[in-house]
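Engineer: Start counting the sequence shown at 2; every next residue gets the next number (this note's numbering).
Where is the CB? At the ideal position from N, CA and C, for every residue including glycine.
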Amino acid sequence: MPVWHPVFKTSDIVDGQGISLNVPGRRKPVALFRWAGQFFAVNDECPHANAPLSGGKVSDFIVTCPSHGAKFDIRNGKSDKDFFYGDIKTFPVKIEGDTVYIEV
Ligand code: FES
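1) Once you ignore the five residues that flank K58 on each side, which residues in its own chain have a CB closer than 6 angstroms to its CB?
2) Can you list, in chain order, every residue whose CB sits closer than 5 angstroms to a heavy atom of the ligand FES?
3) Using the Cβ count rule (16 or more neighbours within 10 Å means buried), how would you classify P48?
4) What is the C-beta distance between W36 and I75, in whole angstroms, given that I count them as a contact (C-beta under 8 angstroms)?
5) Cβ of P53 within 6 angstroms of any heavy atom in the ligand FAD?
6) Tell me whether A50 is buried or exposed, calling it buried when 16 or more other Cβ atoms sit within 10 Å of its Cβ.
7) Find out if the Cβ-Cβ distance for the pair A52, V43 is shorter than 7 angstroms.
8) When burial is assigned at 16 or more other CB atoms within 10 Å of the CB, is G87 buried or exposed?
Written as C-alpha cells, this is what we have:
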C-alpha cells in the first residue's frame with residue numbers, strides 16, 4: 002500500500018533543479034524536480050542505459066537525460082515520440098507547509 006513520505010523542504014530546491022532521493026520502501030532512488038514552482042517525482046533512472054535523470058537539465062517541464070539526450074515530461078513520464086526505450090515512472094507529490102511529500 003502506498004505511503005506518503007516527507008522528503009525535502011520546498012525552499013531547498015530551486016526551479017530547474019533536480020535532486021536524487023532515497024525514499025523508504027524503494028530500492029531505487031527517486032528524482033525530485035522543481036519547475037514553475039511545482040514539484041515532480043520520477044524514477045531516477047533513464048530506461049536507455051540507467052543514467053540518473055536527476056542530473057539532467059529541466060526546461061518547460063522536460064528533463065533531458067544527461068547521458069545521451071533522451072527527453073521526458075516530468076509531469077507524466079512520457080518520453081519524446083522518437084525515443085525507443087519507453088516512458089519513466091512518476092510518483093504523486095504533495096506539499097504540506099514547506100515540506101514535499103512523495104507517495105511510494
Ligand atoms: S542513458 Fe539516457 S538517453 Fe542514454
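Structural biologist: In short:
1) Sequence-distant partners of K58 (beyond 5 residues in either direction) whose C-beta falls short of 6 angstroms from its own C-beta, in its chain, are T65.
2) For the ligand FES, residues qualifying as neighbours are C47, H49, A50, A52, C66, S68, H69 and A71, where qualification means a beta carbon closer than 5 angstroms to at least one of its heavy atoms (chain order).
3) Note on P48: 16 or more other CB atoms within 10 angstroms of its CB, so buried under the neighbour-count rule.
4) Indeed, because the Cβ distance is near 7 angstroms, the residues count as touching under 8 angstroms.
5) With respect to the ligand FAD, the structure offers nothing, as its ligand set consists of the ligand FES.
6) Under this definition A50 is an exposed residue.
7) Taking 7 angstroms as the Cβ cut-off, A52 and V43 do not qualify as a contacting pair.
8) Within 10 angstroms of the beta-carbon of G87 lie fewer than 16 other beta-carbons, which makes it exposed.
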